[in-house]
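Take a look at the structure below.
Protein chains in written order, with this note's numbering: chain A, 220 to 568; chain B, 3 to 160.
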């Protein structure tokens, strides 16, 4: 099959084939490449399966999702599937078309054959992966400095907040961290590194809010800094305003949240939605949430995050606007661990 | 020239167990490497690779232990048979993380020319390094709750 000139250009611009010489070799690879059609709403692959194809979209759009949770959309020129092809581990998300789609498919054998014939392709790939790891390393330190800046913002470097961050690192990287020497970060620095990727920015803010709440207070300083971070990351600040109305205590006050005069459900709907939208899409995230939200029914008790009281639940807990969201979130995390990861969840129950 | 801490046969035996040299097409390569690789010794708590500096050597840990870290944040610990420095071999950028010995350690060192020649003779080495780097990307992605399959998509944004 002959590929169109546009498709040849798309392939040539892929990171793995960029700057490739000699040109003829690439032409030889291109000769054997197939383009396939998928109808609308077609599942190309499922999370948890191992794949051996690299897909490049030449027409249409696909969504990256995990079950019902949509992560992002990909369109012409984007690739997917390569991680599983390279390391033999299962796909971490589903890919489904949202309109009729054409894809070029490169099989594992074709890529391996190409590297055998021209090791420069292999070297290109090593370079591309290296760049990605460099970027991730920068993100990690920026991310952690952001969280530490929140922790320090109210002048209180509490053990509980520190433990939250250290616990996260330990869960994700399986390593012990000492956070002492990382410098704080300015909102603009944070925006520069994380702002270009909306899902990364949003995940950072969610974690930052949780960290801010972990010492049992939501101080003015924390609120102001989070608002600046939000602006620097091009994220809407309305949710923070609501959180602030609901939870804020005066600076310096050590008291935990008093039961607010219950705001109307409508007013809190955005926070509820926000908690409902929290993606449980990695084993790490699921474990984190299961630990964060206690297992007992919080009927007539305090809602405790990281062992610290954040909201007192009165006997009429059902009307507490965040109750269902927190319990629902924990439930989703448990389901994810049991269903997707086939893990024994009894330690969390 | 300092005396080698391993003789040729010991080196050859060791190289055969190193993960990036698994399943290679031309076993002759390991014999050549066993004859030519440089050795380095490090005392406890010595910085082998410093974040931000430029260097493009690939290290294979023979004995001892090292940690990979960003300032105080430890990313991982490595055991004998592991390699480090892959990220910097082909891209002439400053080192993205530091590596420090956690005990008295010994390494073999490959130059970019040696590794490039090795890959040309044995493309499987490229597959092995690609696999190793891909696993590293997955590992780091977990911290951000990011789906790994977005890898190239995000790369486009850089």
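Backbone N, C-alpha and C fix where the C-beta goes; we use that ideal spot for every residue, glycine too.
Legend entry - Spatial distance of residue 88 of chain B from residue 349 of chain A (CA atoms): Looking at the two C-alpha atoms, the distance is approximately 8 Å.
Legend entry - Helix, strand or coil at residue 184 of chain A according to DSSP, with G and I counted as helix: Residue 184 of chain A falls outside the range modelled here, since chain A spans only 220 to 568, and no answer is possible.
Legend entry - Range covered by the alpha helix (DSSP H) that runs through residue 306 of chain A: Residue 306 of chain A -> alpha helix (DSSP H) spans 301 to 306.
Inset, instruction - Please classify residue 560 of chain A: does DSSP put it in a helix, a strand, or coil? - result: Looking at residue 560 of chain A - three-state DSSP - the assignment turns out to be coil, as it is neither helix nor strand.
Inset, instruction - State the CB to CB distance for the pair residue 69 of chain B and residue 105 of chain B, rounded to an integer number of angstroms; the pair is presumed to be in contact (CB under 8 Å). - result: Not confirmed; about 10 Å, so no contact.
Legend entry - Expected contact under 8 Å - CB spacing of residue 115 of chain B and residue 25 of chain B to nearest Å: Not confirmed; about 23 Å, so no contact.
Inset, instruction - Can you have a look at residue 234 of chain A and say buried or exposed, based on whether 16 or more other CB atoms are within 10 angstroms of its CB? - result: So residue 234 of chain A ends up on the buried side.
Inset, instruction - Take the Cβ of residue 229 of chain A as the centre, count every other Cβ of all protein chains shown within 10 Å, and call the residue buried at 16 or more, exposed below. - result: Result: buried.
Legend entry - Completely contained alpha helix (DSSP H) runs for the segment 79 to 155 of chain B, where each covers 4 or more residues: The segment 79 to 155 of chain B contains these whole alpha helix (DSSP H) runs: 88 to 91, 114 to 123 and 125 to 143.
Inset, instruction - Anything in the segment 97 to 116 of chain B with a Cβ closer than 9 Å to a Cβ of chain A? List those residues in chain order, please. - result: So the list reads 98 and 99, given in the order they occur along the chain.
Inset, instruction - Taking only beta-carbon positions, decide if residue 59 of chain B is within less than 8 Å of chain A. - result: Cβ-Cβ to chain A under 8 Å: no for residue 59 of chain B.
Inset, instruction - Count the other C-beta atoms from every protein chain shown that fall within 10 angstroms of the C-beta of residue 54 of chain B, then say buried if there are 16 or more, exposed otherwise. - result: Under this definition residue 54 of chain B is an exposed residue.
Legend entry - Opposing strand residues paired with residue 364 of chain A [DSSP bridges]: Partner(s): none; residue 364 of chain A has no beta bridge.
Legend entry - Of the residues A:557, A:561, A:495 and A:559, the one placed nearest residue 546 of chain A, counting alpha carbons only: The closest CA to that of residue 546 of chain A, considering only A:557, A:561, A:495 and A:559, is found on A:495.
Legend entry - Within chain B, the residues that residue 334 of chain A reaches when beta carbons sit closer than 8 Å: Residues of chain B passing the Cβ test: 125, 128 and 129.
Legend entry - Exposed unless 16 or more other CB atoms sit within 10 angstroms - verdict on residue 517 of chain A: Its pLDDT being 38, under 50, residue 517 of chain A is placed unreliably by the model, and the measurement read from it follows with that caveat. Buried, by the Cβ-count rule.
Legend entry - C-beta neighbour in chain B for residue 547 of chain A, strict 8 Å: At least 8 Å separates the CB of residue 547 of chain A from every CB of chain B.
Inset, instruction - Could you tell me the distance, in whole angstroms, from the CA atom of residue 65 of chain B to the CA atom of residue 142 of chain B? - result: Straight-line measurement puts the Cα of residue 142 of chain B at about 26 Å from the Cα of residue 65 of chain B.
Legend entry - Classification of residue 47 of chain B by the beta-carbon crowding that lies within 10 angstroms, buried from 16 upward: Sixteen is the threshold: since fewer than 16 other Cβ atoms of the shown chains lie within 10 Å of the Cβ of residue 47 of chain B, the residue is exposed.
Legend entry - Below-8 Å beta-carbon distance, residue 524 of chain A vs any chain B residue: Confidence in residue 524 of chain A is poor, its pLDDT being 44 and thus under 50, which makes the residue's placement too unreliable to answer from.
Legend entry - Candidates A:439, A:278, A:292 and A:441, of which the one nearest residue 256 of chain A by Cα: Of A:439, A:278, A:292 and A:441, the residue nearest in Cα terms is A:278.
Inset, instruction - Taking only the alpha-carbon atoms, compute the straight-line gap between residue 37 of chain B and residue 29 of chain B and give it to the nearest angstrom. - result: Approximately 13 Å, taken between the alpha carbons.
Legend entry - Per-residue contacts from residue 121 of chain B into chain A (C-beta, under 8 Å): Within chain A, the residues placing a beta-carbon under 8 Å from that of residue 121 of chain B are 338, 341 and 342, ordered along the chain.
Inset, instruction - In the DSSP assignment, find the unbroken beta strand (DSSP E) run with residue 262 of chain A in it and report its ends. - result: That run of the beta strand (DSSP E) goes 262 to 264.
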